[in-house]
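>
Protein chains: 2
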Amino acid sequence: MSIQYAILGLLSWKPASGYELKKIIEDSPTMYWSGNNNQIYKALVQLLNEGLVANQIQHQESSPSKKIYSITNEGRSRLKEWVVSEPEIPEFKNAFLVQLAWAVQLSNEELHDLLLRYESMINTQLLYQQEKIKRGIASPKRNARELFIWDKISENLLSFYQNELAWVQGMREELNKRNSE
Amino acid sequence: MSIQYAILGLLSWKPASGYELKKIIEDSPTMYWSGNNNQIYKALVQLLNEGLVANQIQHQESSPSKKIYSITNEGRSRLKEWVVSEPEIPEFKNAFLVQLAWAVQLSNEELHDLLLRYESMINTQLLYQQEKIKRGIASPKRNARELFIWDKISENLLSFYQNELAWVQGMREELNKRNSE
DNA sequence: ACGAGCATGTAACGGGTTACATGATTGA
DNA sequence: TCAATCATGTAACCCGTTACATGCTCGT
Chain W
1 MSIQYAILGL LSWKPASGYE LKKIIEDSPT MYWSGNNNQI YKALVQLLNE
51 GLVANQIQHQ ESSPSKKIYS ITNEGRSRLK EWVVSEPEIP EFKNAFLVQL
101 AWAVQLSNEE LHDLLLRYES MINTQLLYQQ EKIKRGIASP KRNARELFIW
151 DKISENLLSF YQNELAWVQG MREELNKRNS E
Chain B
1 MSIQYAILGL LSWKPASGYE LKKIIEDSPT MYWSGNNNQI YKALVQLLNE
51 GLVANQIQHQ ESSPSKKIYS ITNEGRSRLK EWVVSEPEIP EFKNAFLVQL
101 AWAVQLSNEE LHDLLLRYES MINTQLLYQQ EKIKRGIASP KRNARELFIW
151 DKISENLLSF YQNELAWVQG MREELNKRNS E
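And the structure:
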């Protein structure tokens, strides 16, 4: 999936400049891109060329002028098409598992320590995501249905980290049991 | 994390040719790379230049000669270093959540259908991973500890899909309840 | 005086993917 | 005869990241 649909979605909510989109994407736990300029400004040009968005230059005194992008009717129908299209399978790449795969060579202490470090990283990440969600500036709340959907999206993200936490804690316990036997 | 460590890990288990590594990586649920030639042959050249692996050409009658790579002592100590190093946080990118974010515009039927399709894709993926694990040709079983670790790795992968399944099923149920109210 | 925020853009690079290229053998 | 398997490699391309570049304003 390309970032263009993410941008198209945001613009279907409200018009925005590249700079605003960048910040929204940066802060969004769901939209997993880093929010770098390169991608966003390029994507906007492409969307413009395809006629899916339009822009309007807004001059401002005492700050640089900005290009406000808004979605066109064509953009809306393209977005709808995409939303009902075949979902992609989620991408889950866990480098830690590859690391663990060759951890036989470690002592029990080293292995235990490695698991603890992973656990604490996941925990930090969980808190960070919760924080992002709680602040949740950039989320439309136009009706109860939208609220429900966005809630479920947050729940999904959190459950991912919780699942990971439960797994690593389980593994640590089993290891301890094995070692004390 | 680069694929070089994955390859180094495999070679710490047993020597192999690029072609064999390709197949192992393709079939491995944990090593998430596609297993394309470009990456593997390039990585092997780099590992060779760094002195972490060595190769030996094996001529065969009635099939092309192959280069058998094996890990060096330097490679082993580099691998150990990496294994005890700071883990990375897992990468979880779910395009479906971005799609869902703009699903307010859908009818209840369309939304329900979308969720069902996602559920069936996850389910397929879960079965596929289970199959891969069950076949599990490419997994070292040198001792009970290694078996335990590899078991836990498989468990992690499966729990990811199971968690995703539980989430989507929960969402479907809640939606039905809401609609019947 | 300096850094942060607003605002737009470009350059360089790395990782990863598909597809192409070659060539022998084996089984349907 | 056609496709698959063994075996190595290259080319073209896309996506995404960091870093660079510019310039104005506002608060400390």
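For the protein sequence lines, the chains are W and B, in the order given. Residue numbering for the first sequence follows full-length UniProt numbering, beginning at 1 and increasing consecutively. Residue numbering for the second sequence follows full-length UniProt numbering, beginning at 1 and increasing consecutively. In this text, a Cβ means the ideal position worked out from N, Cα and C, and glycines have one as well. Values in this document were obtained by computation on a predicted structure and should not be read as measured data.
Are Ile57/B and Pro15/B closer than 8 Å when you measure CB to CB?
The count along the second sequence starts at 1 and reaches residue 57/B at position 57. The count along the second sequence starts at 1 and reaches residue 15/B at position 15. It is not a contact, given that the beta carbons lie outside the stated cut-off.
> Output the boundary residues of the beta strand (DSSP E) element that contains Ile89/W.
On the first sequence, position 89 is the one that residue 89/W refers to. No beta strand (DSSP E) contains Ile89/W, which DSSP labels as neither H nor E.
> When you check each C-beta in the UniProt domain "Transcription regulator PadR N-terminal" (7-81) of chain B against every C-beta of chain W, which residues fall closer than 7 Å?
Gly9, Ser12, Thr30, Met31, Tyr32, Leu79 and Lys80
> Return the CA-CA distance between Asn49/B and Ala166/B, expressed in angstroms with no decimal places.
Counting from 1 along the second sequence, the entry for residue 49/B is found at position 49. Counting from 1 along the second sequence, the entry for residue 166/B is found at position 166. Going from the Cα of Asn49/B to the Cα of Ala166/B covers about 47 Å.
> Going along the chain, which residues of its own chain have a beta-carbon closer than 6 Å to the beta-carbon of Ser154/W, five neighbours each way excluded?
For the purposes of this step, residue 154/W is identified with residue 154 of the first sequence, where counting begins at 1. Around Ser154/W: Ile133.
> If I follow the unbroken beta strand (DSSP E) through Gln105/B, where does it start and stop?
For the purposes of this step, residue 105/B is identified with residue 105 of the second sequence, where counting begins at 1. Where Gln105/B is concerned, there is no enclosing beta strand (DSSP E), given that its DSSP letter is neither H nor E.
> In chain W, what lies closer than 7 Å to Ser159/B by C-beta?
Looking up residue 159/B in the second sequence gives position 159. By Cβ distance, chain W contributes Asn163 and Trp167.
> Please state the DSSP three-state secondary structure of Gln58/W.
Along the first sequence, read from residue 1 onward, the residue named residue 58/W stands at position 58. Note: Gln58/W maps to strand in three-state DSSP.
> Work out the CA separation of Leu21/B and Leu10/B for me, nearest whole Å.
Sequence index remark: in the second sequence, residue 10/B carries index 10 (1-based). Sequence index remark: in the second sequence, residue 21/B carries index 21 (1-based). When only Cα atoms are considered, Leu10/B and Leu21/B end up about 8 Å apart.
> Helix, strand or coil: how does DSSP classify Ala166/W here?
Residue mapping note: residue 166/W aligns to position 166 of the first sequence, counting from 1. Reduced to three states, the DSSP call for Ala166/W is helix.
> Using only CA atoms, which one of Lys93/W, Val84/W and Glu109/W lies nearest to Val84/B?
Translated into the one-based positions of the second sequence, residue 84/B becomes position 84. The shortest Cα separation from Val84/B among Lys93/W, Val84/W and Glu109/W belongs to Glu109/W.
> Sort Gln169/W, Met31/W and Ile25/W by Cα distance to Val98/B and report the nearest one.
Mapped onto the second sequence, residue 98/B falls at position 98. Answer by Cα proximity: Met31/W.
> Using DSSP bridges, identify the partner residues of Tyr69/B.
Here the question's residue 69/B lines up with position 69 in the second sequence. According to DSSP, which records beta bridges pairwise, Tyr69/B is partnered with Ala16/B and Asn55/B.
> I'd like to know if Glu176/W contacts chain B, where contact means its C-beta is closer than 8 Å to some C-beta of that chain.
Position 176 of the first sequence holds residue 176/W. The amino acid occupying residue 176/W in the given sequence is Asn; Glu does not appear at that position. Judged by the 8 Å Cβ criterion, Asn176/W is not in contact with chain B.
> Helix or strand or just coil, what does DSSP make of Thr30/W?
For this step, residue 30/W is matched to residue 30 along the first sequence. It is coil, neither helix nor strand.
> Taking the straight line between their C-alpha atoms, what separation do you get for Glu181/W and Met171/W?
Taking the first sequence and counting its residues from 1, the one referred to as residue 181/W is at position 181. Taking the first sequence and counting its residues from 1, the one referred to as residue 171/W is at position 171. When rounded, the distance between both Cα atoms is 16 Å.
> If you measure from the beta carbon of residue 195/W to each beta carbon in chain B, is any gap under 8 Å?
Past the boundaries of the shown model lies residue 195/W; chain W is included only from 1 to 181, so the question cannot be answered.
> Within the same chain, show all residues whose beta-carbon is closer than 6 Å to that of Tyr118/W, passing over the 5 residues directly before and after it, in chain order.
Looking up residue 118/W in the first sequence gives position 118. So the list reads Phe96 and Val168, once near-sequence residues are dropped.
> Are Trp33/B and Ala101/W close, meaning C-beta to C-beta below 8 Å?
Against the second sequence, residue 33/B aligns to sequence position 33. Against the first sequence, residue 101/W aligns to sequence position 101. No, the pair does not count as a contact, with Cβ atoms beyond the cut-off.
> Can you tell me whether Leu79/B is buried or exposed? The criterion is at least 16 other CB atoms within 10 Å of its CB, across all chains shown.
Locating residue 79/B in the second sequence gives position 79, counting from the first residue. Buried: at least 16 other Cβ atoms inside 10 Å.
> Cβ of Asn108/B versus every heavy atom of the ligand MG: is any distance shorter than 7 Å?
The ligand content of the structure shown is nil, which means the ligand MG is not present either.
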